[in-house]
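So the sequence shown is numbered by the working numbering: it starts at 55 and just counts up by one. The structure under discussion appears below in the form of structure tokens.
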Amino acid sequence: MIRLLATISLYALVVRISPRFGGTAVGRYVITTLARQCAADSPAVIKIAQLISGRAQFSDRYFCEGLLKLQADVSPNCWFRGEVDETWFAKIDQRALASGSVGSVFRATLLSGAPVVIKVKDLHREEKHLKSARTFRSISTLANRIMSVWNIPALDWINALTPVFRGQFDFDSERANALQFAEAFRRVDGVVIPRCYAQHSNPVALVYERIEELAVISEELNGTQRGTRAADILLKAYFKMVFIDGLIHCDLHAGNVYLNAKGDVVILDYGYVERITDRVKVKFRKFFGAIVSGNSNLCAALIVDMATSRAKRYKEFEFFTAIGDLVEQFHGRRAGDVDVGKFIMAVFVTCARSGVRVESWFANILVSLAFLQGTLVKLDSSLDFQLEAKRLLHTLEEGAIGL
Ligand SMILES: Nc1ncnc2c1ncn2[C@@H]1O[C@H](COP(=O)(O)OP(=O)(O)O)[C@@H](O)[C@H]1O
Ligand SMILES: [Mg+2]
Numbered sequence: 055m056i057r058l059l060a061t062i063s064l065y066a067l068v069v070r071i072s073p074r075f076g077g078t079a080v081g082r083y084v085i086t087t088l089a090r091q092c093a094a095d096s097p098a099v100i101k102i103a104q105l106i107s108g109r110a111q112f113s114d115r116y117f118c119e120g121l122l123k124l125q126a127d128v129s130p131n132c133w134f135r136g137e138v139d140e141t142w143f144a145k146i147d148q149r150a151l152a153s154g155s156v157g158s159v160f161r162a163t164l165l166s167g168a169p170v171v172i173k174v175k176d177l178h179r180e181e182k183h184l185k186s187a188r189t190f191r192s193i194s195t196l197a198n199r200i201m202s203v204w205n206i207p208a209l210d211w212i213n214a215l216t217p218v219f220r221g222q223f224d225f226d227s228e229r230a231n232a233l234q235f236a237e238a239f240r241r242v243d244g245v246v247i248p249r250c251y252a253q254h255s256n257p258v259a260l261v262y263e264r265i266e267e268l269a270v271i272s273e274e275l276n277g278t279q280r281g282t283r284a285a286d287i288l289l290k291a292y293f294k295m296v297f298i299d300g301l302i303h304c305d306l307h308a309g310n311v312y313l314n315a316k317g318d319v320v321i322l323d324y325g326y327v328e329r330i331t332d333r334v335k336v337k338f339r340k341f342f343g344a345i346v347s348g349n350s351n352l353c354a355a356l357i358v359d360m361a362t363s364r365a366k367r368y369k370e371f372e373f374f375t376a377i378g379d380l381v382e383q384f385h386g387r388r389a390g391d392v393d394v395g396k397f398i399m400a401v402f403v404t405c406a407r408s409g410v411r412v413e414s415w416f417a418n419i420l421v422s423l424a425f426l427q428g429t430l431v432k433l434d435s436s437l438d439f440q441l442e443a444k445r446l447l448h449t450l451e452e453g454a455i456g457l
């Protein structure tokens with residue numbers, strides 16, 4: 055991992071001097087090697103790379119495009135090794151259909167004839183993850199010392215994110231999440247949640263209904279009727295999760311969101327999920343409502359209200375001014391005109407510098423927004439997601455849709 059970080063830093067340095075470096079033959083070679091190294095590293099590294107790759111519009115395009123492979127297409131290089139009770143199946147393809155950050159997915163057919171996939175946990179990756187968590191901790195302890203000069207608690211962030219990466223390997227919880235998402239979206243037009251065959255699944259293998267002909271979401275859809283419709287469906291689905299159900303898929307990048315032959319939005323992979331209580335949901339609604347209506351003071355006040363603690367150095371005026379500036383820059387922008395990732399990073403840094411410690415659910419929702427934006431921008435960069443949120447929040451306030 056140290057080698058990986060060193061190569062990325064070196065690449066960033068060269069790009070600063072020569073912004074077109076990524077487009078040259080040497081640049082492309084470096085990026086391909088980096089993507090390969092990331093793919094072979096732990097899921098935490100893959101997740102970070104996936105997050106970066108969704109920001110092509112806002113940072114080094116070549117770098118982001120090179121990492122895109124890690125979203126939908128981590129090369130499968132494994133075989134099925136009997137992780138399920140094979141007597142339930144008429145046929146199992148031994149060669150993997152696709153791979154993600156947690157495991158590989160195999161095509162199979164149940165005895166009933168139903169086409170399914172078996173998602174098998176990669177135990178080697180899980181082990182790697184545990185190892186890399188230790189490396190991360192050592193790096194962040196060091197970073198904590200250096201960054202404490204700017205009051206940035208690197209270790210706090212690592213501590214908040216580690217359970218999330220760990221949770222992705224918990225197939226019992228993914229199975230429970232899959233069942234709940236299926237129930238929540240049962241009657242929602244345009245959203246497809248593949249059925250999870252819970253009785254055929256186990257802690258190392260999950261069996262899902264197979265969705266044929268999944269189309270990858272790419273920039274080519276931007277501005278097309280298909281893209282606009284899918285963006286609208288995906289955004290509404292996300293708002294339902296965050297404002298109504300309190301069951302939030304935090305990993306909506308293009309490796310987990312596809313279109314089917316009808317153009318409906320298929321949502322996969324329920325490993326990175328946040329659950330919030332009704333009380334928290336109401337707070338978050340208010341917070342989002344304050345952002346989209348540009349009420350920066352209310353935004354700052356709500357962050358403080360949602361924080362777990364405040365350090366002695368906290369100064370209300372400074373914090374409110376800093377958040378005010380950020381909200382000002384963000385408010386009223388369309389999906390393609392605002393870098394949600396950068397905004398979120400700035401919110402985290404402002405909180406850290408001011409000694410406002412945010413809860414992990416808040417951090418996870420903000421991260422989910424960054425993933426979502428990466429996908430929405432590809433589908434329809436002119437989408438006004440803040441206006442959509444405003445409309446929905448208004449309807450919720452009026453009581454037309456219940457909690
Ligand atoms: N129900 C399904 N039908 C068809 N393909 C699927 C299905 N579930 C997963 N896949 C394929 O497998 C890939 C990895 O699955 P995913 O659940 O995202 O694994 P990971 O948690 O490792 O990222 C997906 O990007 C998709 O290409
Ligand atoms: Mg995935």
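Yeah, the Cβ is synthetic: ideal placement off N, Cα and C, and Gly gets one too.
*Compute every distance between the C-beta of I321 and the non-hydrogen atoms of ligand 1, then say whether any falls below 7 Å.*
Reading the sequence shown from its first residue, position 267 is the one you call residue 321. The answer is no for I321.
_Rounded to whole angstroms, what is the Cα-Cα separation between N276 and K432?_
The residue you call residue 276 lines up with position 222 of the sequence shown. The residue you call residue 432 lines up with position 378 of the sequence shown. Cα to Cα, N276 sits roughly 5 Å from K432.
*I302 and S155 closer than 8 Å at C-beta*: The sequence position of residue 302 within the sequence shown is 248, counting from 1. The sequence position of residue 155 within the sequence shown is 101, counting from 1. No, the Cβ-Cβ distance between I302 and S155 is not below 8 Å.
*State buried or exposed for G456, treating a residue as buried only when at least 16 other CB atoms are found within 10 Å of its CB.*
For the purposes of this step, residue 456 is taken as residue 402 along the sequence shown, with counting starting at 1. With a pLDDT of only 46 at G456, under the threshold of 50, the placement of this residue in the model should not be trusted; the figure read from the coordinates follows. Counting Cβ neighbours within 10 Å, G456 comes out exposed, since fewer than 16 surround it.
*Return the first residue and the last residue of the alpha helix (DSSP H) that P97 is part of.*
Mapped onto the sequence shown, residue 97 falls at position 43. Run containing P97: P97 to S107, per the alpha helix (DSSP H) assignment.
_Endpoints, the beta strand (DSSP E) within which V334 is located_ = As a first step, residue 334 is located in the sequence shown; it is residue number 280 there, counting from the start. Per DSSP, V334 belongs to no beta strand (DSSP E); it is in the alpha helix (DSSP H), D332 to V346.
*Which of the three DSSP states, helix, strand or coil, is assigned to T141?*
Position 87 of the sequence shown, counted from the start, is the residue given in the question as residue 141. DSSP places T141 in helix when its eight states are reduced to three.
_Residues bridged to N256 [DSSP beta-bridge criterion]_ = Along the sequence shown, read from residue 1 onward, the residue named residue 256 stands at position 202. BP columns for N256 point to A259.
*Roughly how many angstroms separate the alpha carbons of L447 and F297, rounded to a whole number?*
Here residue 447 refers to the residue found at position 393 of the sequence shown. Here residue 297 refers to the residue found at position 243 of the sequence shown. So the alpha carbons of these two residues sit roughly 8 Å apart.
*Contact between the segment 437-451 and the segment 237-246 (3+ Cβ pairs under 8 Å)*: no
_For Y312: DSSP bridge partner residues_ = Within the sequence shown, residue 312 is the residue found at index 258, counting from 1. The partner list for Y312 (beta bridge, DSSP) reads V270 and V320.
*Could you tell me which of R161, D114 and F190 sits nearest to L58, measuring between CA atoms?*
Position 4 of the sequence shown, counted from the start, is the residue given in the question as residue 58. Of the candidates R161, D114 and F190, the one whose C-alpha sits nearest the C-alpha of L58 is F190.
*Can you check DSSP and say which residues form a bridge with S153?*
Stepping through the sequence shown from its first residue, residue 153 is reached at position 99. S153 pairs with S158.
_C-alpha distance - K175 paired with D224, whole-angstrom precision_ = Reading the sequence shown from its first residue, position 121 is the one you call residue 175. Reading the sequence shown from its first residue, position 170 is the one you call residue 224. For K175 and D224, the distance between alpha carbons rounds to 9 Å.
*Inspect the beta-carbon positions of T163 and F143 and report whether they are closer than 8 Å.*
For the purposes of this step, residue 163 is taken as the residue at position 109 of the sequence shown. For the purposes of this step, residue 143 is taken as the residue at position 89 of the sequence shown. Yes, Cβ-Cβ distance for T163 and F143 is below 8 Å.
*asked:* Between I85, E370, G386 and L105, which has its C-alpha nearest K396's C-alpha?
replied: On the sequence shown, residue 396 is found 342 positions in, with the first residue counted as 1. Here the closest residue by C-alpha is L105.
*Reducing DSSP to helix, strand and coil, say where T163 ends up.*
Here residue 163 is taken as the residue at index 109 of the sequence shown, counted from 1. It is a strand residue.
*Pick helix, strand or coil for E328, following the three-state DSSP scheme.*
Taking the sequence shown and counting its residues from 1, the one referred to as residue 328 is at position 274. Reduced to three states, the DSSP call for E328 is strand.
*asked:* I believe V270 touches Y312 by the beta-carbon criterion, under 8 Å. Please report the beta-carbon distance rounded to the nearest angstrom.
replied: Taking the first residue of the sequence shown as 1, we reach residue 270 at position 216. Taking the first residue of the sequence shown as 1, we reach residue 312 at position 258. Indeed, because the Cβ distance is near 6 Å, the residues count as touching under 8 Å.
*asked:* Could you compute how far the alpha carbon of D286 sits from the alpha carbon of Y83?
replied: The residue given as residue 286 occupies position 232 in the sequence shown. The residue given as residue 83 occupies position 29 in the sequence shown. In a straight line, the C-alpha of D286 is about 37 Å away from that of Y83.
*Do L268 and C250 come within 8 Å of each other at the CB atom, strictly closer than that value?*
Locating residue 250 in the sequence shown gives position 196, where the first residue counts as 1. Locating residue 268 in the sequence shown gives position 214, where the first residue counts as 1. No, Cβ-Cβ distance for C250 and L268 is not below 8 Å.
*asked:* Does any residue of chain C have a CB that is nearer than 8 Å to the CB of G244?
replied: Here chain C cannot be found, since the structure has a single protein chain.
*To which residues of the same chain is G157 closer than 6 Å at the C-beta, ignoring the five residues directly before and after it?*
For the purposes of this step, residue 157 is taken as residue 103 along the sequence shown, with counting starting at 1. Closer than 6 Å at Cβ, skipping near neighbours: K173, V174, K175 and D176.
*To which residues does DSSP link P169 through a beta bridge?*
Stepping through the sequence shown from its first residue, residue 169 is reached at position 115. Its beta-bridge partners are T163.
_Nonlocal neighbours in the same chain, by C-beta distance under 6 Å from K335, ignoring five residues either side_ = Residue mapping note: residue 335 aligns to position 281 of the sequence shown, counting from 1. Correct list, in chain order: G300.
_First and last residue of the uninterrupted alpha helix (DSSP H) at L289_ = Locating residue 289 in the sequence shown gives position 235, where the first residue counts as 1. First-last of the alpha helix (DSSP H) with L289: Q279 to F293.
*Quick one: measure Cβ to Cβ for F219 and A98, integer angstroms, because I've assumed they're closer than 8 Å.*
Here residue 219 is taken as the residue at index 165 of the sequence shown, counted from 1. Here residue 98 is taken as the residue at index 44 of the sequence shown, counted from 1. 5 Å between Cβ atoms; contact.
*Which residue's Cα is closest to the Cα of L165: A79, I330, L88 and H254?*
Within the sequence shown, numbered from 1, the residue matching residue 165 stands at position 111. Of A79, I330, L88 and H254, the residue nearest in Cα terms is H254.
*Which residues in the same chain have their Cβ closer than 8 Å to the Cβ of Q91, if we skip the five residues on either side of it in sequence?*
Against the sequence shown, residue 91 aligns to sequence position 37. Closer than 8 Å at Cβ, skipping near neighbours: R57, L58 and T61.
*In or out: F371 buried (at least 16 other Cβ within 10 Å) or exposed?*
Here the question's residue 371 lines up with position 317 in the sequence shown. So F371 ends up on the exposed side.
*Just to check, is the beta-carbon of S272 closer than 7 Å to a non-hydrogen atom of ligand 2?*
On the sequence shown, position 218 is the one that residue 272 refers to. No, since every heavy atom of ligand 2 falls outside the 7 Å radius drawn around the Cβ of S272.
*When the Cα of E228 is compared with those of R188, T195 and D305, which residue comes out closest?*
Numbered from its first residue, the sequence shown carries residue 228 at position 174. E228 has its Cα closest to that of D305, out of R188, T195 and D305.
*Counting only runs of 4+ residues fully inside the segment 389-455, write out the alpha helix (DSSP H) ranges in chain order.*
394-408, 414-433 and 439-452
*Measure from the alpha carbon of E137 to the alpha carbon of each residue in N256, K101 and R161, then state which is nearest.*
Along the sequence shown, read from residue 1 onward, the residue named residue 137 stands at position 83. Answer by Cα proximity: N256.
_Cutoff 6 Å; reference S408; Cβ partners in own chain excluding five residues on either side_ = Residue numbering aside, residue 408 sits at position 354 when the sequence shown is read from its first letter. Only Y368 and F373 meet the Cβ criterion.
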